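A short write-up of the structure that comes next.
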Amino acid sequence: MPANKTAAARLSLVAIALLTVVACSAPAPEETDEEEARALGRDTDKTVFDDAIQTQDRARAVEDLTLGRKDELDQALEASEGDPGSEE
-18 MPANKTAAAR
-8 LSLVAIALLT
2 VVACSAPAPE
12 ETDEEEARAL
22 GRDTDKTVFD
32 DAIQTQDRAR
42 AVEDLTLGRK
52 DELDQALEAS
62 EGDPGSEE
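This is the structure:
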């Protein structure tokens, strides 16, 4: 019976050592996800909807670019309508 007690003691020691290593390991990468979300202007955790949210973010960026170009074209049109040489 002493062999069983020795084996149990060794197993307990290994379990304690393993738990210590796991407890002292590096933190989960949640901190970097939070920083990335804040950089994108969101304060939410990563969800299953992240692909859809990223698509919406890209669409907003394209919309801003398109509206900026539209404003430039509108200003150019207004400037060309005000030219006295272009009237018939």
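So the sequence shown is numbered by the numbering used here: it starts at -18 and just counts up by one.
Heads up, the beta-carbon is just placed ideally off N, CA and C, and yes, glycines get one too.
A quick note: this is a predicted structure, and the numbers were derived from the prediction, not measured.
Could you give the residue range of the alpha helix (DSSP H) that holds residue i?
i: valine 43; result: 31 to 62
I need the straight-line Cα distance from residue i to residue j, nearest angstrom please.
i: alanine 60; j: aspartate 45; result: 23 Å
i: glutamine 35; j: glycine 49; result: 21 Å
Would the beta-carbon of residue i be found less than 8 Å away from any heavy atom of the ligand HEM?
i: threonine 28; result: The ligand content of the structure shown is nil, which means the ligand HEM is not present either.
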